[in-house]
Amino acid sequence: MTATTSAAADAATQRAGRVSAWRATLSSAGALSWRFADRYAVVLAQLERDAPPKTVEAALATAVHDPGAAVALLAGTPRPPAQETQGGSNPAVGGAGPVVSLVRDLVARHPDVTRFVEAQPRLEQTAVPIHPSRQAHLVRAASHELVALRWPAESVAARSRHQSRIKPALSAASRAAPLSIKAHDEYAVVDVPDGDPWVFAPNLGRTLEDRLRSRDLDATQRSALVESLAALRAAMTDQGLVWQGFAPRNMFLRGGQVVLIDFEESVDASQDPARAAECLLWHRVFFADCLTAEETVRLFAPVDGGPDVPDDYPMPADDFERALLGVDMVTWRQRRELLEASVALEGRHTRPTRDRDSGVLHGHELGHFWGDFIPVELEVRLFRHLTAVAEPAQLVACLEAFEAAMEADICRSLRRHASGMPDPSAPRTAALVEALDAIGVERLAAHRMEAEHWYQRLTTDPGRLVDELLYSAGTAIGGLDRELLDTYLVGSGAARKGHEESLAAATRIGLDFVHRADDGEPYLRYRSPTDLASLLDRPLPSEGSDLDAVLADLEAKIVPYSVSQSHPRYLAFPDSGNAIAAMAGGLLGRLLNQNLIAVDRSAPAATFVEIQVIEWLRDLVGYESAPLTDLRGVKDVAGLWATGGHLSNHLAILVALGRRFPEVRRHGLPAMGTRPTVVMAGPIAHYSHSDAAFHLGLGWDGIVNVGARSGYTTDPAAVEAALADPPAGTTPFMVVGVAGNCRTTGLDDLATLAEICRRHGVWFHVDACHGGSLIFSERLRRRHLAGIEHADSVSLDPHKGLFTPYPSSYVLFRQRGVLTQFSRHETAVMADDCWDLGLITPFLGSRGFESLATWTLLRHVGVRRLGDLVESRQAHVRYLERRIDETGLFISLNDVDFYRLAFVLCPPTIRQAIRALPPERRRHAARVVSQYTSRLNAMLYQSGEVCFDEHTLADLADRIGAGADISYTIMAACPGNPLITQADLDRAVEYLTHAARPLVPAMLADITGARPAGGTGRPTVAGPAGWSDVP
């Protein structure tokens, strides 16, 4: 065992000990189910590690009565003491039973009922977080424990009516069952002026859901309970009245009685047989993961008199059905089959071994009832995957993975809620659905089964467990493994010898070319352009080839037909390019030293290589592409290589300007009667667009900046408004959409922007310099770049996302022929068989064979594996995102779209302090956040241990709390090398947190005014990412 693994094992043991201790402390917590007690134990153990001893003591004293308050203490964000409210009239209190007088006394002391109740511990008795609209809390009144929750005002009376309707069935069931069954009828309703009423009722303790799952009932008790519930089900069917809420979370066992709550709906089967039949199926879903197979058979044994619904009976589709089936109406058969599929999934909630929780899986109704936990779009994708699994062991392994993700997300939600930053999202569960889409059930199940100590880690550190699962799954897209990575990428010591041999082979080919004269070879073996097009034309390679074969092909078909400008008999130009340093730097492209300004005497084969790359990229974007042999000359070339995205975006604007205002070619901008303008989202657009306006003579006033949405994407409504009503004297001719902005890599809604531009007759350009790599993954292209094929132009940077050395950028144009406007030599550029790229390339005259790097990459790796590499890289940044979030020290300003995370140093204590400041002081606090974030980043950079990017970014979603108009100096993570390991990322986070934590006290003092400002000065933001247009 290495020192690293030994330390990790020791840390895991210590954490398990802390979790066990907290679990024992919480065992008597009245507000928690045993599942939530386990979750709070995980969160408290996590926070205890970094908390001062006195704070831990205070949390221990608080945890039994209010575990959320204990979490807040350890997180450094203690709740302020509840303030007694003075004056005001007491709200009206109604209801039934002794609880009414208790609540009246309570209201007399606390007339602001909402404020009082929300300061009390949250009640967490169900397996998953209760629906936020209920806002359930545990309230102590005298010696009594009450549950307070909110119901819609109109539902209070409706629930009472439903409860009265169902009582005859309860009486009939009680006469036939070993246990009596009653509806809980003691409650108090408090009307409040600020919304729905509060409903108070005695705390009935642990739900049947909790007790059945925890196996604390013996066989006799379980048998009597199942028999009694079966009697109730039979009584409901006999009387033709079905209680929708027949679920173990709405049932309690007290004093030999089954007590029922929450009569939100009862259905008369004679009036609505379809809804009654649906509810009876839902009952099976509700109970499926609480009962044994034998108990399920007994409880849901067929009964006579059930609703009879024709298969073709029409019903309005719910949100899930609309998303899954794409219809507004469904038949009863469709709904029944979907529910039965859910029951089947629930019924397989059994582990292959029974060494944890008596073998029961605790997912949240893993049929089509995940909608309370994740968005319906994810719910549908998950449902499709799981219902298609035929192998039971694979299904269980996948369910266990999702159970762990859910546990991790709930623990995260508990921590964030207690820290004053409620967040109901489920990022790990959502990420696991993405992983399932990418690698499939079989591989996800295999990754789960390869994980060691799964059950132990699930109960002690589910976040880390799931993060490692997502990392291992995400870095294995398409079956990628270390051997394949070493096949494609340089950087692993084990593969160095083979890589040296490959690079030596490439160098030999180049030197053989340079030394042609030594063997009496001519400087060129001439072949006509037609012959070269036929020789080099080939389809886009979906699968890669062995690198030796690619190099051999290159040596046979490209090198012989290239011009050797260092040859002693080449007298046309002096551009020999044979300095050894330049050759080594440029490798083969430099050694060949082709000048792509022209074909003859410059770049015969290289010209067609570059055109081939352009056609391949057009194909991937979704534009019309053609074999080289079908092209007539440069007039059909509809794309350009450029030195970078900066130049590519200049070229796009120049083409769009010439198309909209052709007269500018001869008369220039001063002769125009209007000011041409470019519309773009200022907070996220790349600086190259405003630079282009300046460089091309449009002026900075030629940029019309519109707003960005909180997710750092262009606001289509703002674009629509800018085009519909442009400033007087201006004519918008181009809109810039962003597929992966340079600050957060946010991805615009390209399809919507394309349609807006089409309606207004305006050129639509997509800056995909960051997001363009997604075109290699068909799945990611469909999800993130839908509509890119409708853009008039697209800029792409292989040197950003495709592991290609600088410089490598391309700008593509949907319509062929648009580049001929750049040539004064109209006869030449329009002639068939004219292939001189210099005629259609603005700003660049002589230039090298840079496109060879992209050609070789595509030939060697192929589209499919490039897609796998691009997609697998997301696992790195998402793992980093979760680990940084887990530290509790930072706030991320964006949700990662595909490979860039922006964050600032701002732990909950700082955020709480900022929100407590008056508005006029928050801008100063924001400057302090920027100063300390920049200081932290500089410390890390100068240490040489870890380097993050740094630039400015507006907090559009106001996550920090100083205002959405505030810009910050932020740190940014964008791991791009697929050879990065999980251990590398872990070490980076360790350096980050170690350096950050000591800064927090001084930072807090600077913000609160406890000491003079820290004097760190205005942060220096260096590099292109800091060239912000945002003030």
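In numbering that gives the first Met the number 0, the protein residues as written are 0 to 1030. Using N, Cα and C, we set each Cβ at its ideal position, and we do this for glycine too.
In whole angstroms, give me the CA-to-CA distance for residue i and residue j.
i, j, result
"residue 40", "residue 420", "20 Å"
"residue 845", "residue 837", "8 Å"
"residue 333", "residue 323", "11 Å"
"residue 659", "residue 792", "14 Å"
"residue 928", "residue 988", "19 Å"
"residue 180", "residue 247", "13 Å"
"residue 157", "residue 422", "31 Å"
"residue 978", "residue 492", "11 Å"
"residue 329", "residue 318", "12 Å"
"residue 342", "residue 313", "22 Å"
"residue 696", "residue 653", "10 Å"
"residue 824", "residue 830", "10 Å"
"residue 583", "residue 505", "Unreliable placement is indicated for residue 583, whose pLDDT of 43 sits below 50; the coordinate value is still reported in the next sentence. Approximately 11 Å, taken between the alpha carbons."
"residue 883", "residue 398", "27 Å"
"residue 813", "residue 275", "56 Å"
"residue 30", "residue 205", "9 Å"
"residue 187", "residue 134", "16 Å"
"residue 298", "residue 58", "43 Å"
"residue 368", "residue 402", "With a pLDDT of 48 at residue 368, under the threshold of 50, the predicted position of this residue should be treated as unreliable, though the coordinate-derived value follows. When rounded, the distance between both Cα atoms is 14 Å."
"residue 383", "residue 201", "42 Å"
"residue 734", "residue 926", "33 Å"
"residue 764", "residue 841", "18 Å"
"residue 995", "residue 931", "9 Å"
"residue 336", "residue 345", "14 Å"
Quick one: is residue i buried, meaning 16 or more other Cβ sit within 10 Å of its Cβ, or exposed?
i, result
"residue 393", "buried"
"residue 873", "buried"
"residue 215", "exposed"
"residue 194", "exposed"
"residue 940", "exposed"
"residue 946", "exposed"
"residue 783", "buried"
"residue 496", "exposed"
"residue 693", "exposed"
"residue 100", "exposed"
"residue 6", "exposed"
"residue 243", "buried"
"residue 997", "exposed"
"residue 628", "exposed"
"residue 272", "buried"
"residue 428", "buried"
"residue 281", "buried"
What are the partner residues of residue i, as DSSP defines its beta bridges?
i, result
"residue 198", "148, 188"
"residue 812", "792"
"residue 860", "None; residue 860 has no bridge partner."
"residue 265", "242"
"residue 136", "121, 147"
"residue 968", "951"
"residue 258", "181, 251"
"residue 848", "Answer by DSSP bridge pairing: none, since residue 848 is not bridged."
"residue 676", "731"
"residue 765", "736, 793"
"residue 903", "890"
Which whole-angstrom value describes the C-beta separation of residue i and residue j, a residue pair presumed to lie in contact below a C-beta threshold of 8 Å?
i, j, result
"residue 540", "residue 861", "5 Å"
"residue 795", "residue 510", "With a Cβ gap of about 32 Å, residue 795 and residue 510 do not count as contacting."
"residue 263", "residue 154", "7 Å"
"residue 901", "residue 743", "5 Å"
"residue 479", "residue 431", "The Cβ separation is near 18 Å, so there is no contact."
"residue 169", "residue 231", "7 Å"
"residue 487", "residue 868", "7 Å"
message: Quick check on the DSSP output: what are the complete alpha helix (DSSP H) runs of length 4 or more inside the region 429-475, in order along the chain?
response: Whole alpha helix (DSSP H) segments, 4+ residues: 453-459, 461-473.
Whole runs of the beta strand (DSSP E) within the region 293-345, excluding any shorter than 3 residues: Fully enclosed beta strand (DSSP E) runs of 3 or longer: 313-315, 328-330.
task: Identify every run of the beta strand (DSSP E) within the region 679-761, keeping only runs that are complete inside it and at least 3 residues long; order them along the chain.
output: Counting whole runs of 3 or more residues, the region 679-761 contains the beta strand (DSSP E) stretches 702-705, 729-737.
task: With a floor of 4 residues, list each alpha helix (DSSP H) that falls wholly inside the region 634-667, ordered by position along the chain.
output: Unbroken alpha helix (DSSP H) stretches of 4 residues or longer found wholly inside the region 634-667: 644-659, 663-666, given in chain order.
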